[in-house]
Amino acid sequence: MNTRTQEDFIPEDVIEEVRLRTDIVEVISDYVSLQRKGKNYWGLCPFHSENTPSFTVTPEKQMFYCFGCNLGGNIFSFLMKKENLSFVESIKNLAHRYGVSLPEKELSPREREESRLRRRFEEIHEWAASYFHDLLLSLPEGEPGRFYFAKRGVSLETMKSFRLGYASGSWAGLLGYMQEHGVQPYELAEAGLAIEKETPGKDGRQYYDRFRNRVLFSILDRRNKPIAFGGRVLDDSIPKYLNSPETLFFNKGHHLYGMHRAHQGIREEGFAIMVEGYMDVIALQNAGFPNTVASLGTALTQDQAKLLKRYTQRVVLLYDSDTAGIQAALRGGEILRDAGIRVEVLTLTGAKDPDEFLKSYGVEDFHKALRGVLTYIEFKYRTLVRATPPQNIPDKAELVVKLAPDILKVISPVEREGYERFLSLELGLTLEAVQREIASQEQKKSRKERVEQYYPPKQVNSAKNRDNIIDAIICKDQMGQPLPTVYLGVYRAERTLLRMLLEDISHLPRIKAKLGESFWKVSEHQQIFNYLNQDGGLPAHSDETVQSRLASLFLEELDISQTERLLDDCIKEILSTQAEERVEDLQVRMVALEKSGDMAGAMALLKEIGERLKRGE
Ligand SMILES: [Zn+2]
């Protein structure tokens, strides 16, 4: 069949609908790691080999274009080229992904039935959301709900944008309303909004409303359509939280609360904040953290991790600081990490949840707390130490063994060494000993396997793609990573300092006053700094690594409202590492003394190291 006749099966308006619903940045992100800069996104071109991003995506225009190989087009042309699809196939692919029904003659009877049921499901949820919402906003029965949200500082505007609702005490309120819309009670039960009574009445099967006496949170999908509800009681009755059950079209593990706004927010902020409660999502999103989501009353699932991975490489877990919350963070962190996401954990002190924290301390303090996130491994370390403080060498060794599997999963050698140093300093062990212990835990797991975890084989479905992925790894090694002896924190601090200097050269005297002129650990950074230090100008011609690094620095987003603090943080980071390095010299000397048999000398040094660490040097 030629393409022309096939194309005739898909009417123009359907093609247009697919195009409108498609998020070009999201689709291309499956192939290219994109970074936002102004209105556009930039990444390494998937169609030609390059080290400096020249591939752009313009969401506004829904187009992509490469300045390197001059290839461009819309999302259909991208998929056709990238996946070797025909035009029709590319439409089908996207229609499936974004839930657009194609003309029915394309569907089998079973598919047709499913599509009918899905439309009905969406329709029922739309009506139900309006019913609960009107009850909350304007009917007398909604008073307890209004009182509850008002008490928690939720504005009318928020009630509207999150489509909050209220279910009264009536057993047949929704049932009655739906019957006016021609929805049969059994349909409502299939949608999860009504429950069938166990004993049928005189006139057959009997039903009652699932949600009663609760405030309701509409669970909206990315298209802003309600697909389920979460309900919370206002008193002490049980269960406190009640969610829609799983149905043919709703699977809790596949969705996240708040995603209808967060899919945009996560991209813009570059990371996601994962919280426990629906109110936390609302409070944080309203306070200017549009990248906040929560799972739907269950532990984080692999599917949710995959969903997040489509938008970001970095997630900050912000769970309650009680035992349950800590366990949830440890477990959730593992799932996210296994999905290839960088996990950090934020612990708030002085409030039981983020909502309360914001009310007591305000947004600025939350920003401050957010800057103090721990990496997943640090968090796990602190949790383990708090549970059982290590008393002696065997305790310490056991702690290292417990963390080894996590450290072994870190791909970047720099970062891995960073963790090994961290443990060595924290526990007062030599770096060598820590590394030996961790290496001995290293299982058969080859590096290849670890790489595959981060670049799942799913994407490697053609020889061409595979080449691109290898390219991507090489590029990363060339320009994305520092020399193996530089701490990740210092590397980041150096980059940020340079980025700030590029933006505003007037920071130069302050940096020089605090750090001198030759503190840079990464030689390209030193070179760029030297240029800036000489005449404030940039090299027009210099070797390729310097140029690529400059390009990548320019692409880095800089929050200019925070320069003062950023500058201080970076300087502090570099100074504290310099102090740590002095401790490290002591460690090296200690190992040498140990080897030469001077145990007394080694012990004396160990004591010295311990004291310095205690002083926080
Ligand atoms: Zn290109």
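If you're matching positions, the sequence shown starts at 972 in our numbering and goes up one per residue. Idealized CB from N, CA, C, for every residue including glycine.
Taken through DSSP and simplified to helix, strand or coil, residue 1259 comes out as coil. Runs of alpha helix (DSSP H) with 4 or more residues, each lying fully within the segment 1017–1067, are found at 1046–1054, listed in chain order. Judged by DSSP in its simplified three-state form, residue 1102 adopts helix. With 6 Å as the limit, the residues whose C-beta approaches a heavy atom of ligand 1 more closely than that are 1016, 1018, 1019, 1026, 1037, 1039, 1040 and 1042, in chain order. Under the 10 Å beta carbon count, residue 1532 is surrounded by fewer than 16 other beta carbons and is classified as exposed. Distance between residue 1017 and residue 1036, taken at the CA atoms: about 11 Å. Your pair residue 1165 and residue 1156 checks out as a contact, with CB atoms roughly 6 Å apart and the cut at 8 Å. Counting every other CB atom within 10 Å of its CB across the protein chains shown gives residue 1261 a total of 16 or more, marking it as buried. The DSSP assignment places 983–992 and 995–1000 as complete runs of the alpha helix (DSSP H) inside the segment 978–1006, in order along the chain (cut-off: 4 residues). Fewer than three pairs of CB atoms, one per stretch, sit closer than 8 Å, so the segment 1291–1298 makes no contact with the segment 1363–1378. The Cβ-Cβ distance between residue 1048 and residue 1039 does not fall below 8 Å. By the neighbour-count definition (other C-beta atoms within 10 Å, threshold 16), residue 1170 is an exposed residue. For residue 1550, the uninterrupted alpha helix (DSSP H) segment begins and ends at 1534–1567. Around the beta-carbon of residue 1570, fewer than 16 other beta-carbon atoms lie within 10 Å, marking it exposed. Counting only runs of at least 3 residues, the segment 1186–1244 fully encloses the following beta strand (DSSP E) elements, listed from N- to C-terminal order: 1197–1204 and 1212–1214. Taken through DSSP and simplified to helix, strand or coil, residue 1302 comes out as helix. DSSP places residue 1336 inside the alpha helix (DSSP H), whose first and last residues are 1334–1342. Positions of the alpha helix (DSSP H) runs, each at least 4 residues long and wholly inside the segment 1140–1191, are given as 1144–1151 and 1156–1161 in order along the chain. Note on the segment 1347–1371: there is no whole beta strand (DSSP E) run with a minimum of 3 residues. By the criterion of at least three beta-carbon pairs nearer than 8 Å, the segment 1123–1141 is not in contact with the segment 1064–1075.
Close CB contacts of residue 1485 within its chain, under the 8 Å cut and outside five residues either way in sequence, are with 1542 and 1546 (chain order).
For residue 1236 and residue 1557, the gap between their C-alpha atoms comes out near 46 Å.
As a beta-bridge residue in DSSP terms, residue 1315 pairs with 1287 and 1346. With contacts defined by Cβ atoms closer than 8 Å, residue 1148 and residue 1205 do not form a contacting pair. Each of 1044, 1198 and 1216 was checked against the Cα of residue 1230, and the nearest Cα belongs to 1198. Here the alpha carbon of residue 1004 sits roughly 13 Å from the alpha carbon of residue 1312. DSSP links residue 1008 through a beta bridge to 1011. About 7 Å separates the Cβ atoms of residue 1158 and residue 1091, confirming a contact at the 8 Å cut-off. By the beta-carbon neighbour count (other beta carbons within 10 angstroms, threshold 16), residue 1378 is buried. Per DSSP, the continuous beta strand (DSSP E) segment holding residue 1136 begins and ends at 1136–1138.
Sorting 1488, 1536, 1102 and 988 by C-alpha distance to the C-alpha of residue 1194 places 988 at the top.
Membership of residue 1407 in the alpha helix (DSSP H) is indicated by the continuous run 1402–1412. Using a Cβ distance threshold of 8 Å, residue 1474 and residue 1492 do not count as a contacting pair.
Cβ contact annotation for residue 1146 (same chain, cutoff 8 Å, sequence separation greater than five): 1156, 1159, 1165, 1178, 1179 and 1180, in chain order. Annotation for residue 1385: the continuous alpha helix (DSSP H) segment containing it runs 1384–1398.
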